[in-house]
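Structure first, then comments.
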Amino acid sequence: MKAARERAVHAALEALGLVDAKTPGRVIATVAGGINKTARIEVRDRVLFAKWNDRGLAGHFTAEAAGLDALRAARCGLRVPAVIAARDEPANEAFLLLEIIEPGERPADFDETLGRELARMHRTSSRQGFGFERDTYCGATLQRNEWYTDWVDFFRDERLARQVQLARRRGMSRVDAALCDRLLARLDEWIADDEPPALLHGDLWSGNLMCDATGTPVLVDPAAYFGHREAEFGMTALFGGFSRRMYDAYHEQYPLRPGWQERVDLYTLYHVLNHFNLFGGAYLREAMVIVRRFVG
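Encoded structure:
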């Protein structure tokens, strides 16, 4: 951790009364990840978790903090780390400081608990509609979260259309772009319904799911917003790692409409395009397989 950022973290801890001149705290270990670097920080009788990066993503950590706070406020049986402090400016001092959650072994009913409590979380809604109190990030990609009253409009304009625009800049062909435009124009044929907005994690793959020392499922690294709850499963389907028992428990608590397994590919498409825009490679081919499934 560079000196300027370390001073910023120390100032935040000092303001919270967690450190002082006699007990300054110390960094125990630092790990470099795909987007962020992380560290365990020892302060008095506590250990906290810090993350940061040098990408200069505007509002990145305060956005993640808002998402974590929203998930915690849902008060379901899923654990979400508490936010200690968050800072985005200046970029060389940006960080997010959280309570640390030590991992544990998954109990036999872990998947059922996850499905049941995820369904409970999805019953948290918003009278303002589809969107969020602020823009968030999915990975390093900005997610615009203007409030919409119509889900199709939100998902088309603020999710898929923005990813297609980025993909064009990254080298998507005119032919593929035209197919994507056809899909966007016909989106209401597949995903229009009157379900209320649901609080979503927004980036729920197995790497953003933990088990704590008590066996409770833990959600981390959200890209939170209020959306159609089927959208949550677009990411769970992309890389796998979620059992049939999880889905069955979810359905027992809050059944999805028939045909969701076919529609979920449209929500997976958002994440596949996002991975192409972040990492390139074969993700574009995978995205176009989905597009052609719907518009030929």
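Going by our numbering, the sequence shown runs without a break in its numbering and finishes at 308.
Ideal placement from N, C-alpha and C gives every residue a C-beta, glycine not left out.
When the distance is taken between beta carbons, is residue j closer than 8 Å to residue i?
i: alanine 210; j: arginine 241; result: yes
i: alanine 27; j: glutamate 105; result: no
i: asparagine 157; j: arginine 146; result: yes
i: arginine 118; j: cysteine 223; result: yes
i: glycine 96; j: leucine 60; result: For the sequence presented, residue 96 should be read as isoleucine rather than glycine. In this structure, leucine 60 lies closer than 8 Å to isoleucine 96 by Cβ.
i: glycine 89; j: glutamate 114; result: no
i: phenylalanine 122; j: alanine 62; result: no
i: glutamate 124; j: arginine 269; result: no
Could you please give the first and the last residue of the uninterrupted alpha helix (DSSP H) stretch that includes residue i?
i: arginine 256; result: 256 to 265
i: threonine 125; result: 122 to 134
i: threonine 74; result: 72 to 85
i: alanine 249; result: 244 to 251
i: valine 21; result: 15 to 27
i: glutamate 111; result: Premise fails: glutamate 111 lies in the beta strand (DSSP E), 107 to 111, not in any alpha helix (DSSP H).
i: valine 301; result: 295 to 307
With distances taken from CA atoms, which of the options is nearest residue i?
i: glycine 252; options: Thr228, Thr280, Asp233, Met184; result: Thr280
i: valine 307; options: Ala204, Asp193, Trp272, Tyr237; result: Asp193
i: glutamine 3; options: Ala20, His72, Ala131, Glu101; result: Within the shown structure, residues of the chain are numbered from 13 to 308, placing residue 3 beyond reach of any answer.
i: leucine 285; options: Met300, His263, Gln273; result: Met300
i: histidine 263; options: Leu108, Lys14, Val303, Leu126; result: Leu126
i: leucine 196; options: Thr248, Ser185, Val164, His287; result: Val164
i: isoleucine 112; options: Ala249, Ala225, Gly29, Ser185; result: Ala225
i: asparagine 65; options: Thr50, Val55, Glu54; result: Thr50
Quick test of your reading: residue i and residue j, contact by CB under 8 Å. State the CB separation rounded to the nearest angstrom.
i: tyrosine 160; j: alanine 235; result: Actually they do not touch by this definition, with Cβ atoms about 17 Å apart.
i: phenylalanine 142; j: phenylalanine 166; result: 4 Å
i: leucine 231; j: asparagine 220; result: 7 Å
i: leucine 199; j: arginine 168; result: 5 Å
At which residues does the beta strand (DSSP E) containing residue i begin and terminate?
i: leucine 231; result: 229 to 231
Taking 7 Å as the cut-off, is the C-beta of residue i nearer than that to any heavy atom in the ligand GTP?
i: aspartate 233; result: With respect to the ligand GTP, the structure shown offers nothing to examine, as it has no ligands at all.
Uninterrupted alpha helix (DSSP H) stretches inside the segment 137 to 225 (no shorter than 4 residues): 163 to 166, 173 to 182, 186 to 197, 200 to 203
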